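Only one structure is covered here, and it is reproduced in the block below.
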Amino acid sequence: MDNWDLKYFLVEWGHASGIILNKYLQSGDEKLLDDILEWELIEMRNTEEAREFMKKLYLKNKSLPEDKKLTIVGLDIAEEQGGVIYYFKDILEKYKEIPKEQLDKMKNVLKYSELEWTIGRKSSEFLKSLEDLDKDLEENENIYVKYLGSEGVFDLKLIVNNLKNNSGINEVLFSPVHVNKDYYEQIGKMNYENFKKIYEHFDGGKYYLHYGTQHAYQNEINNVKFLGGNLKEDSNFKDKIYSINIIYKEGQCYDYGSLRPKDFYNITTDLKDTLKEAGIENGSKIIVLDNKRSPYKKKIFKECFSFPEVYEGNKTLHVDNKLFETNKGVTTDYFQSIIVIENPRPIKWYWEDFLKREALNRY
């Protein structure tokens, strides 16, 4: 990281949650980190591992010179409810001197954010509150800039835009890509539009996007164009994107449905054999695929891909029939490196105890 000239760490969280996480990154305020986890700002990522990661990232960032320090930015169109509520309450508490007309519009958005989900379909009343605030931001931007500053207005506009736009996305919960194609297409395009706004706002620079693997794929797969594919087609980012795929060996992951760990892997027998033949079957490692004479630059190697729903035991479920329908390009058209994780361990989710208590109280 010291030699990357990296400036912006973009996370798969809503912009509101990203703002709050960045405040912790710049300050190291332990109470703020506790608030982030207590308010469930990052929902399914609300884990002990997230806490430890943020602490380590803060210490690393603290050691960097001022011109090298990182900024966390929430890229995702899906605005977590806890993040939105915390964000608006923080603004309303800090900027009480904002004119009443503008305060009331923000209070109205906060009211509906507390009553309804902030991701997915919204009531006509919630949508009207967002339209009213959005319109006022355009017509009276100078008032908002006076109190929030230009940076604060950029953030507020992006959050309001996300809340409006994500009302039109329809996710089939816990379903694979080949069932959820419209959803992935929509968010891939919307997150790409968000990235363009953020890139322009910060005047370029180097970005690291920490996203689920499939979002990093730079070619369509199962006829779905993910975030990486949208970026690759933009002439501004031509030959500037480097995607890394993650492969897990045998271990465990956390099952949010049963609230307990379960056995998990997504490495194929073919890839294990390849690693063994190369004498690198043990341990976690990074494998670069785009070297000059790499065979991965010549054709598709299906065993390099890692959709969690693809593999069940030794059976290949959807690879031939679904994920590679178009079978376009070569492996390195999708990603340029693989990280292989040895013995993955499940996370500790902070919601687990709460949900178990709720279930006991209910039944």
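Per this note's numbering, the sequence shown starts with residue 220, numbered consecutively.
Idealized CB from N, CA, C, for every residue including glycine.
Quick caveat: nothing in here was measured; it's all calculated off a predicted structure.
With three or more CB-CB distances shorter than 8 angstroms, the region 503 to 521 counts as touching the region 557 to 565.
Straight across, the Cα-Cα distance linking GLN300 with ILE310 is about 16 angstroms. For ILE304, the uninterrupted alpha helix (DSSP H) run begins and ends at 300 to 313, by DSSP.
Fully enclosed beta strand (DSSP E) runs of no fewer than 3 residues occupy 425 to 429, 463 to 467, 470 to 474 of the region 419 to 478, in order along the chain. The alpha-carbon of LYS459 is positioned some 24 angstroms away from that of HIS234. Around the beta carbon of ASP489, fewer than 16 other beta carbons sit within 10 angstroms, so the residue counts as exposed. Between the alpha carbons of LYS326 and TRP568 lies a gap of roughly 31 angstroms. One alpha carbon belongs to LEU283, the other to TYR426, and they sit about 17 angstroms apart. In the DSSP assignment, PRO480 forms a beta bridge with TYR473. For GLU370, there is no enclosing beta strand (DSSP E); the residue is part of the alpha helix (DSSP H) that begins and ends at 360 to 384. Annotation for LYS481: ASP474 place their beta carbon closer than 6 angstroms to its own, counting only its chain and skipping 5 residues before and after. Scanning its chain for C-beta atoms nearer than 7 angstroms, with the 5 sequence neighbours on each side dropped, one finds around ILE317 the residues TYR366, in chain order. Looking at the backbone, the Cα of GLU522 and that of TYR515 are separated by about 11 angstroms. When Cβ pairs closer than 8 angstroms are counted between the two stretches, the region 358 to 376 is seen not to touch the region 395 to 410, the count staying below three. Judged by DSSP secondary structure, THR488 falls within the alpha helix (DSSP H) whose first and last residues are 488 to 496. For SER503, there is no enclosing beta strand (DSSP E), as DSSP marks it with neither H nor E. ASN389 counts as exposed, since fewer than 16 other beta carbons sit within 10 angstroms of its beta carbon. For ILE317, the three-state secondary structure derived from DSSP is coil.
Only exposed fits TYR461, as fewer than 16 other CB atoms lie within 10 angstroms of its CB. Counting the other CB atoms within 10 Å of its CB gives LEU278 a total below 16, which places it among the exposed residues.
By the Cβ criterion, the region 448 to 458 is not in contact with the region 492 to 499, since fewer than three pairs of Cβ atoms, one from each stretch, lie closer than 8 angstroms. Rounded to the nearest whole angstrom, the C-alpha separation of LEU446 and LYS408 is 7 angstroms.
CA-CA distance, ASP374 to ALA269, rounds to 23 angstroms. The Cβ-Cβ distance between SER386 and LYS341 falls below 7 angstroms.
TYR227 has THR290, TYR426 as its beta-bridge partners, per DSSP. In the DSSP annotation of this structure, the continuous segment of the beta strand (DSSP E) that includes ILE558 starts and ends at 556 to 560.
Residue burial annotation: GLU298 is buried, with at least 16 other C-beta atoms found within 10 angstroms of its C-beta. Where TYR277 is concerned, the enclosing alpha helix (DSSP H) starts and stops at 267 to 282. For LYS341, there is no enclosing alpha helix (DSSP H), as DSSP gives it neither H nor E. Between SER332 and ILE378 the beta-carbon gap is near 10 angstroms, outside 8 angstroms, which marks them as no contact. GLY237: member of the alpha helix (DSSP H) spanning 234 to 246, first to last residue. A residue is called buried once 16 or more other Cβ atoms fall within 10 Å of its Cβ, and HIS429, having fewer, is exposed.
Our two residues, TYR363 and ILE417, have alpha carbons roughly 19 angstroms apart in a direct line. Beta bridge pairing from DSSP links TRP568 with THR266.
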